[in-house]
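Okay, so the sequence shown: first residue is 1403 according to my numbering, each after it adds one. From the three backbone atoms N, C-alpha and C, an ideal C-beta is built for every residue, glycine too. For reference, the structure discussed in these notes is given below.
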Amino acid sequence: MNMFLKVMLSFALYHLFGVLPAFAEIPNHHIFYRQDKRAPLTSIEIVFLGAGRNQEQPFQIGLANTVSTLIWEAAKKQGYMDQLSALGANLDIITHPLYQAISISALSENCDESIKIVCDFMHNLEFSDSDLQYAKKQEVADYQSALRINTYTFMRTSAISQITGRKKYKSLKTLNNLSLEDVRQYYDQLLKADVVFFKIISNRDSTEVAKLLHPITKERETGGFVHSPKFSITDYNAGSKAFVYTDYSHLKSVFCHWMIFCGSVGEENYIPNLISNTLTGDGQGLISKYFREELGLVYGPSCAMLSSEGIRYLNIYADPQLHNSEELIVKMSDFIRELPDNSRFWEALKERRKILKVSHVHNLTPQRSLDREVNIAIYNAPYRKGGYDSVTDAEVRAFLEKFFVPENMIMIFAGPKAHIIDILNKHLPEVDIRVHSVKELIE
């Protein structure tokens, strides 16, 4: 295994919630730690950075999730789950685009024994062909369930794949072709990951927790934590496209999404987050006030900052009924395009700054503080000392004028095909319309 790079600079110490140094005495690993004395509990995530869905080859889509299922089922089958349950410990396996993680939560007094059990099963799990076939069946069921529950996510991912040429949506074909050798190689590479770190919240002292982790860390080389994910530049020109999905719902509604590409994951998030908060505002933002309360065109509009395959985008959602969908689609498209010169937006932005300033202080729980520190470390994103207060109106305007333009926007619609196409042809004739069935969202 390659030697780690030099240890990253220590994060500043905060006194709130007993925050201690971000790294402790274990060579070769990095510990992101928060102390929380409100309960005698310890929560540990063992994060294998460099594993995860982004490491899958095109012919291996589904491998990371399949291995996650296999780890869970094998741990249960081989008795490790029963041992952990007897100690009151909970186990979870997490699959992320950038990493795979094993998470354990336990009473602090039982944490030592729980970690030993986890360490034992990490290095002694055995996978059989029957285990793999069972895991595949579970994944197929999960695919179908996810398609029903998270259809919009599948639609957005599919649209992005078509724009960028990256095929990362779920595939039954590649899932069925996964072999036991694929699984074993992936799991072996996971255990040998160059970068492994820990996310810990505990009532115990950081030095005590560090000693508990030695069964996991003793065989690894000396080093530290430096990481920056490599995402390609994603200033994609969407070219004003609309994806119309059929076979989705029999309701007399049209489900609408406007996806506005705005750079790459890892770039500064303050400006797009501030815009998103202004537009959605916990259900009380500008979009809700205008399109729901004043115009009565929608029931549950929203705006959120999302990402897929390293691409960052703002997603605006609206759900008009069939009879007012034409008015909504036209007015929302105009609203987005004219946002830089919308006086109501700037008034709402001013109010949102005040709310965010107060909520930032109240949201500094140990978990949120820890998550923020880890995200900064993983993505190496720029950090503003002044937070949202340091974002100027000029910066917001420049962002809107760069990204909130028709040629940088993908529209997604689910509903009656002919009705939606007629609206687009009548009011947005320049849009490139592509029609798909939701049945195509899983290969």
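Please identify the residue among the options whose C-alpha is closest to the C-alpha of residue i.
i: E1447; options: V1798, Q1457, Y1588 and I1433; result: I1433
i: F1600; options: V1656, E1583 and A1503; result: A1503
i: V1646; options: R1558, V1807 and K1539; result: R1558
i: A1488; options: P1499, L1509 and T1497; result: L1509
i: T1553; options: C1658, A1783 and P1784; result: C1658
i: D1596; options: G1567, A1453, G1464 and I1565; result: A1453
i: A1644; options: Y1435, H1838 and G1668; result: H1838
i: I1812; options: S1792, I1731 and F1747; result: I1731
i: D1590; options: N1578, F1450 and K1654; result: F1450
i: V1520; options: T1497, L1614, S1563 and E1832; result: L1614
i: I1602; options: Q1437, K1479 and V1840; result: Q1437
i: D1584; options: Q1457, Q1485 and E1515; result: Q1457
i: V1748; options: L1802, D1736 and E1729; result: Per the sequence shown, residue 1748 should be read as Trp rather than Val. Comparing Cα positions, the closest option is L1802.
i: I1565; options: M1661, F1529, A1612 and E1832; result: M1661
i: L1653; options: K1691, G1567 and H1725; result: H1725
i: I1677; options: G1698, L1716 and F1693; result: L1716
i: Y1501; options: K1691, L1592 and L1830; result: L1592
i: I1757; options: E1515, C1705 and G1687; result: G1687
i: D1736; options: N1579, F1693 and K1539; result: F1693
i: F1523; options: Q1480, K1572 and L1443; result: Q1480
i: Y1781; options: E1695, S1666 and A1800; result: S1666
i: D1795; options: S1581, L1741 and G1702; result: L1741
i: S1745; options: T1767, S1560, D1649 and R1799; result: R1799
i: N1777; options: I1517, E1528, H1498 and R1586; result: H1498
i: T1555; options: I1814, A1820 and L1830; result: I1814
i: S1581; options: Y1545, D1531 and V1542; result: D1531
i: V1840; options: A1548, A1706, D1484 and Q1485; result: A1548
i: E1610; options: S1507, E1729, C1513 and P1722; result: C1513
i: N1526; options: M1707, Q1769, A1477 and R1550; result: A1477
i: E1511; options: E1775, S1445 and R1774; result: S1445
i: L1534; options: R1586, P1784 and T1767; result: R1586
Only counting the same chain, and skipping five residues up and downstream in sequence, which positions put a Cβ closer than 6 angstroms to that of residue i?
i: I1473; result: I1495
i: S1727; result: V1656
i: I1618; result: C1521
i: A1426; result: Since pLDDT at A1426 reaches only 36, below the 50 mark, its modelled position is unreliable, and the value read off the structure follows with that caveat. Excluding sequence neighbours, A1426 sits near I1433, S1608 and A1612.
i: Y1719; result: H1659 and S1704
i: R1455; result: A1466 and P1499
i: E1695; result: none
I'd like to confirm the pairing. Which residues does DSSP put opposite residue i in its beta bridges?
i: E1515; result: BP columns for E1515 are empty, so no partner.
i: T1648; result: S1839
i: N1671; result: Answer is none; N1671 lacks a bridge partner.
i: Q1457; result: In the DSSP output, where bridge partners are listed per residue, Q1457 has none listed.
i: I1434; result: Going by the sequence as given, residue 1434 is Phe instead of Ile. Beta-bridge pairing links F1434 to K1601.
i: R1389; result: Given a span of 1403 to 1845 for the chain in the structure shown, any question on residue 1389 remains unanswerable.
i: A1720; result: C1658
i: M1813; result: A1644 and W1660
i: S1704; result: Y1719
i: D1834; result: K1643
Residues in its own chain within less than 7 angstroms of residue i by CB, not counting five upstream and five downstream?
i: A1537; result: T1468, T1471, L1472 and E1475
i: G1641; result: E1809 and D1834
i: C1664; result: P1674, R1714, Y1715, L1716 and F1805
i: L1772; result: F1434, R1436, K1601 and I1603
i: Y1702; result: The residue you asked about is not Tyr; residue 1702 is Gly in the sequence shown. Only D1721 meet the Cβ criterion.
For residue i, report the span of its beta strand (DSSP E) as first-last.
i: H1659; result: F1657 to S1666
Return the first residue and the last residue of the alpha helix (DSSP H) that residue i is part of.
i: V1449; result: No alpha helix (DSSP H) holds V1449; the beta strand (DSSP E) holding it covers L1443 to L1451.
i: D1736; result: S1727 to R1739
i: S1547; result: D1531 to I1551
i: V1807; result: V1807 -> no alpha helix (DSSP H), and no H or E assigned at all.
i: I1860; result: Lying outside 1403 to 1845, the shown extent of the chain, residue 1860 is not represented and no answer is given.
Between which residues of its own chain and residue i is the CB-CB distance below 8 angstroms, once the five residues before and five after are set aside?
i: Y1672; result: R1786, G1789, Y1790, S1792 and V1793
i: S1573; result: I1463, G1464, I1844 and E1845
i: N1579; result: F1461
i: S1709; result: V1667 and Y1715
i: T1680; result: G1687, L1688, F1747, A1750, L1751 and R1754
i: I1738; result: W1660, I1662, I1718, F1806 and M1811
i: S1651; result: F1657, A1816 and G1817
i: I1825; result: S1727, E1728, I1731 and V1732
So within the segment 1462 to 1511, which uninterrupted beta strand (DSSP E) runs reach at least 3 residues, ignoring any that extend past its ends? Runs found: 1492 to 1497 and 1501 to 1509.
Run through the segment 1554 to 1615 for me and flag every whole alpha helix (DSSP H) of 4 or more residues, listed as ranges in chain order. Those alpha helix (DSSP H) runs which fall completely within the segment 1554 to 1615 and span 4+ residues are 1574 to 1579, 1582 to 1593 and 1608 to 1614.
Inside the segment 1756 to 1785 only - alpha helix (DSSP H) runs reaching at least 4 residues: If we require 4 residues or more, the alpha helix (DSSP H) runs fully inside the segment 1756 to 1785 come out as 1768 to 1781.
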